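Asker: Protein chains in written order, with this note's numbering: chain A, 40 to 203; chain B, 55 to 196. Mind having a look at this structure? Questions to follow.
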Amino acid sequence: MTDFERCLLDIENELMTGKCAWVADFNESFRALKIGDISFDMVVRGNTRGKTMGFLLSRIYSYFTLPSYDVACFVSCVDSFGERALNATLRAVINHLKNNDLQWAWLIFLRKGPFSDEIRRAVENMKFQELGVALIDVESNTVTPSNSYLGRSIPKYLKLKRRP
Amino acid sequence: MKTLSRIQYSKLILSFSVFLIGFTILYFLTIYLATGSLFYNRLILLINIALSIVGGWILYKSRYHVAFSFDELGFIMQRGKKERVEREWREFSRVSLLHLGGGVFAIRLYDKQDKFVDIPVSALKLNPSEFRFQVMQLIKGK
Numbered sequence: 040m041t042d043f044e045r046c047l048l049d050i051e052n053e054l055m056t057g058k059c060a061w062v063a064d065f066n067e068s069f070r071a072l073k074i075g076d077i078s079f080d081m082v083v084r085g086n087t088r089g090k091t092m093g094f095l096l097s098r099i100y101s102y103f104t105l106p107s108y109d110v111a112c113f114v115s116c117v118d119s120f121g122e123r124a125l126n127a128t129l130r131a132v133i134n135h136l137k138n139n140d141l142q143w144a145w146l147i148f149l150r151k152g153p154f155s156d157e158i159r160r161a162v163e164n165m166k167f168q169e170l171g172v173a174l175i176d177v178e179s180n181t182v183t184p185s186n187s188y189l190g191r192s193i194p195k196y197l198k199l200k201r202r203p
Numbered sequence: 055m056k057t058l059s060r061i062q063y064s065k066l067i068l069s070f071s072v073f074l075i076g077f078t079i080l081y082f083l084t085i086y087l088a089t090g091s092l093f094y095n096r097l098i099l100l101i102n103i104a105l106s107i108v109g110g111w112i113l114y115k116s117r118y119h120v121a122f123s124f125d126e127l128g129f130i131m132q133r134g135k136k137e138r139v140e141r142e143w144r145e146f147s148r149v150s151l152l153h154l155g156g157g158v159f160a161i162r163l164y165d166k167q168d169k170f171v172d173i174p175v176s177a178l179k180l181n182p183s184e185f186r187f188q189v190m191q192l193i194k195g196k
């Protein structure tokens with residue numbers, strides 16, 4: 040199993056059965072899904088009103104208190120990665136959000152080794168309200184989130200296992 | 055064709071409990087209407103348990119039991135007595151891993167019209183993630 044595959048499995052587990060349940064009920068995961076011209080290694084869909092979590096009281100509580108927003112998490116494994124590719128991916132995700140009535144999404148880029156300063160600065164300066172972006176270096180587990188509420192929530196809820 | 059069929063103990067216990075509760079209520083109702091009082095002894099309990107085991111097993115087999123057979127061309131899924139799905143892998147275009155709650159997973163297969171079929175992998179005691187990749191390969195025709 041490659042480092043990317045291991046990392047994708049970790050993210051999938053965290054989203055579907057881990058701490059991310061506090062953010063949304065991510066219940067359906069697709070692999071190698073093409074959206075527009077961009078192929079994502081993993082896309083996990085969910086809803087902010089949990090249907091699969093908890094038993095009776097939690098479900099009644101979530102039904103009456105939580106909004107029912109469809110959300111998603113897009114994960115892409117990249118090798119060499121420039122600002123052009125970043126912008127194309129952002130455009131594909133934002134179009135997908137609009138076309139599929141998704142309220143918000145997380146977009147995560149995985150790379151073996153550090154991202155370039157140019158890309159890190161571009162992500163750190165992003166202020167999309169409906170999109171949280173994060174760059175994850177799978178070798179050092181360093182996360183660079185975008186400067187929005189959704190972006191900052193990625194490292195808070197998505198904890199990757201440290202590997203020796 | 056490889057066939058997978060595992061007993062789902064949680065569903066079997068559920069079926070047994072439904073019958074045991076049903077028989078117990080029926081017994082108390084009958085005895086109360088017949089004699090005007092309620093009494094219960096070990097023999098009645100044993101008879102109720104025996105009937106519930108038989109009834110529970112029949113209910114489980116007719117409603118919940120899943121048998122799944124597959125090869126490189128297609129699959130046959132039988133859930134209970136009524137629901138039978140027989141499809142070919144090439145009819146599907148997308149595969150997803152679906153979390154149904156409480157650690158129960160299914161593999162969802164989407165066809166070209168976006169209609170889907172769920173394979174209850176947790177009921178078959180398969181590793182959901184590994185089986186998803188196997189199904190993806192089968193759909194690709196590899």
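Every residue, glycine too, gets a C-beta built ideally from N, C-alpha and C. Nothing here was measured: the structure is a model prediction, and the numbers come from that model.
Three or more C-beta pairs under 8 Å: does that hold for the stretch 163–183 of chain A against the stretch 42–54 of chain A?
Answerer: yes
Asker: Return the bridge partner residues of A:A144 from the DSSP annotation.
Answerer: Counted from its first residue, the first sequence places residue 144 of chain A at position 105. In DSSP, A:A144 forms a bridge with A:A111 and A:L170.
Asker: Can you pull the DSSP bridge partners for A:K73?
Answerer: On the first sequence, position 34 is the one that residue 73 of chain A refers to. Partner(s): A:S78.
Asker: Taking 8 Å as the CB-CB cut-off, is B:G195 touching chain A?
Answerer: The count along the second sequence starts at 1 and reaches residue 195 of chain B at position 141. At a cut-off of 8 Å, the C-beta of B:G195 has no neighbouring C-beta in chain A.
Asker: Excluding five sequence neighbours on each side, which residues of the same chain lie with their C-beta closer than 8 Å to the C-beta of B:Y164?
Answerer: Along the second sequence, one-based indexing puts residue 164 of chain B at 110. So the qualifying residues of the chain are F146, S147, R148, V149, S150 and F170.
Asker: May I ask you to report which of helix, strand or coil DSSP gives A:T269?
Answerer: As displayed, chain A neither begins before 40 nor continues past 203, which places residue 269 of chain A out of reach and without an answer.
Asker: Cβ atoms of B:G110 and B:F70: under 8 Å apart, would you say?
Answerer: Start at 1 with the first residue of the second sequence, and residue 70 of chain B comes out as number 16. Start at 1 with the first residue of the second sequence, and residue 110 of chain B comes out as number 56. Yes, the pair counts as a contact, with Cβ atoms nearer than the cut-off.
Asker: Cβ atoms of B:I103 and B:L74: under 8 Å apart, would you say?
Answerer: To locate residue 74 of chain B, count along the second sequence from 1; it is residue 20. To locate residue 103 of chain B, count along the second sequence from 1; it is residue 49. In contact: B:L74 and B:I103 (Cβ atoms closer than 8 Å).
Asker: Short check: CB of A:Y196 to CB of A:W61, under 8 Å?
Answerer: For the purposes of this step, residue 196 of chain A is identified with residue 157 of the first sequence, where counting begins at 1. For the purposes of this step, residue 61 of chain A is identified with residue 22 of the first sequence, where counting begins at 1. Going by C-beta atoms, A:Y196 is nearer than 8 Å to A:W61.
Asker: Any beta carbon from chain B within less than 8 Å of A:E122's own beta carbon?
Answerer: Locating residue 122 of chain A in the first sequence gives position 83, where the first residue counts as 1. False, the Cβ-Cβ gap to chain B never drops below 8 Å.
Asker: With a threshold of 6 Å on Cβ separation, who are the neighbours of A:S68 within its own chain once the five nearest residues in sequence on each side are excluded?
Answerer: Here residue 68 of chain A is taken as the residue at index 29 of the first sequence, counted from 1. Hits under 6 Å: E51 and V83.
Asker: Strictly below 7 Å CB to CB, what residues from chain B border A:R159?
Answerer: Residue 159 of chain A sits at position 120 when you count from the first residue of the first sequence. Chain B residues near A:R159: none, gap ~31 Å exceeds 7 Å.
Asker: If I'm right that A:V110 touches A:L141 with Cβ under 8 Å, what's the distance once you round it to whole angstroms?
Answerer: Walking along the first sequence from the start, residue 110 of chain A turns up at place 71. Walking along the first sequence from the start, residue 141 of chain A turns up at place 102. Right, the Cβ-Cβ distance comes to about 6 Å (below 8 Å), so this counts as a contact.
Asker: Where does B:K56 fall in DSSP's three states?
Answerer: Position 2 of the second sequence holds residue 56 of chain B. Note: B:K56 maps to strand in three-state DSSP.
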